[in-house]
Amino acid sequence: MTKTKKPTWGPATLSEFDGVRFLHLDSIWVQGAMRIRKPDQIELEYVQRMCAWMLWRDPALLGEGHAVQLGLGAAALTRFCHGPLKMQTTAVEINPEVIAACRQWFRLPPNDARLNVVNEDAARWVTADANLQTADVLNVDLYDHDAASPVLDDEAFYAACRGVLADGGLMTVNLFGRSASFARSALRIARAFGSDQVWSLAPTKEGNTIVVAARGVQVPHRDVLEQRAANIESRFKLPARKWLRLVRPLPMSILQAL
């Protein structure tokens with residue numbers, strides 16, 4: 095009988111500069127960051143924009159429901175959902191070195207009644223029957239150690255992500271907006287969710303583009319979105335009014351390919 099070879103993981107390392115601690119995975123590329131004196135503050139701009147789902151969600155429900163992160167990074171989204179938002183929170187991370195690093199260096203608390211950090215393959219997690227329609231928020235940030243491209247990025251994966259969402263649920267995905275891969279990824283998401291349930295934010299200066307996808311969400315009127323953005327800024331100190339200015343429908347070239 096042939097034994098399955100266990101994967102080997104490169105070491106998780108850290109660097110610090112100007113009060114910010116950075117996570118690396120056996121490379122120079124940053125996999126996450128935390129301001130040491132303000133661990134609940136989301137440091138990286140693209141990670142802040144991963145919270146843009148909040149614009150589409152009723153403010154009365156912001157602290158309710160189940161938030162899931164696929165890819166732990168430096169645990170910024172996990173800390174935010176579990177801490178300031180006080181949501182039931184699950185993080186799925188395939189690399190045990192990342193989980194250990196987050197517990198040691200990035201203020202990730204131990205599992206408790208509202209937090210479950212799972213050492214598992216995200217592809218397997220999203221297809222498990224037990225996880226169908228269990229998430230109200232799904233954050234997807236799955237990159238290899240070189241941070242070159244998403245490691246899970248096909249239509250079947252995004253369809254499974256939609257299956258994980260409850261009705262009215264919202265997903266954010268980190269893509270590279272200045273890469274040719276963005277159009278391919280966005281098209282796959284639109285095919286899984288429907289073109290009327292997918293939006294994107296303009297790229298950050300580093301090129302990260304956040305895509306928001308929803309399962310059965312009615313888009314509020316602009317003035318309602320503006321009120322929500324102001325509320326998010328007041329309560330959570332996130333630049334939500336800027337997000338709202340950056341939200342775009344998918345490009346016509348992608349819609350025509352559906």
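In case it helps, our numbering puts the sequence shown at residues 95 to 352. Glycine included, each C-beta is placed from N, C-alpha and C at the ideal position. All figures in this text were calculated on a predicted structure; none of them were measured in a lab.
Host alpha helix (DSSP H) of T221 (start-end): A216 to T221
Considering A323, what are the terminal residues of the alpha helix (DSSP H) in which it resides? R316 to F330
CB contact flag (N213, E249, <9 Å): no
Near Q198, what residues of its chain come up, given a Cβ to Cβ distance below 8 Å and the 5 sequence neighbours on each side ignored? none
With which residues is M373 paired in a DSSP beta bridge? Here the chain comprises residues numbered 95 to 352, so residue 373 is not present and cannot be evaluated.
To the nearest angstrom, how far is it from the Cα of T221 to the Cα of A254? 6 Å
Within a Cβ cutoff of 7 Å, which residues of the same chain sit near Q135, ignoring the five residues on either side of it in sequence? R129
Host beta strand (DSSP E) of F287 (start-end): Counting along the chain, F287 falls outside any beta strand (DSSP E), though it belongs to the alpha helix (DSSP H) covering S275 to F287.
What residues are listed by DSSP as bridge partners for A161? T183 and V231
Going by other Cβ atoms of all chains shown within 10 Å of its Cβ, with 16 needed for buried, is D235 buried or exposed? buried
Inter-residue CB distance, Y237 and V231 (contact presumed, cutoff 8 Å): Between V231 and Y237 the Cβ distance is about 20 Å, and since that is not below 8 Å, they are no contact.
Report yes if the CB atom of W150 is closer than 9 Å to the CB atom of P314, and no otherwise. yes
Just curious, the alpha helix (DSSP H) that R397 is in, first and last residue? Since the first residue of the chain shown is 95 and the last is 352, residue 397 is not available in this structure.
Between the CA atoms of E137 and D223 - distance to the nearest angstrom: 35 Å
R173 to A161, Cα distance in whole Å? 11 Å
Among R322, F276, W103 and L319, which one has its Cα closest to the Cα of N189? W103
If you draw a straight line from the C-alpha of K336 to the C-alpha of A106, how long is it? 33 Å
Look at the alpha carbon of G263 and the alpha carbon of A307, and state the distance between them as a whole number of angstroms. 9 Å
Just to confirm the assignment, what range does the alpha helix (DSSP H) spanning L349 have? M346 to Q350
Can you list, in chain order, the residues of its chain with a C-beta nearer than 6 Å to that of Y252? Leave out the 5 residues immediately preceding and following it. R282, I283 and A286
Coarse secondary structure for E110, derived from DSSP in three states: strand
Taking the alpha carbon of A217 as the reference point, which residue from L349, L164 and L171 has its own alpha carbon closest? L164
Should N233 and M144 be called a contact, given that it needs their Cβ atoms to be closer than 9 Å? yes
What residue does the alpha helix (DSSP H) around W199 start on, and which one ends it? P190 to W199
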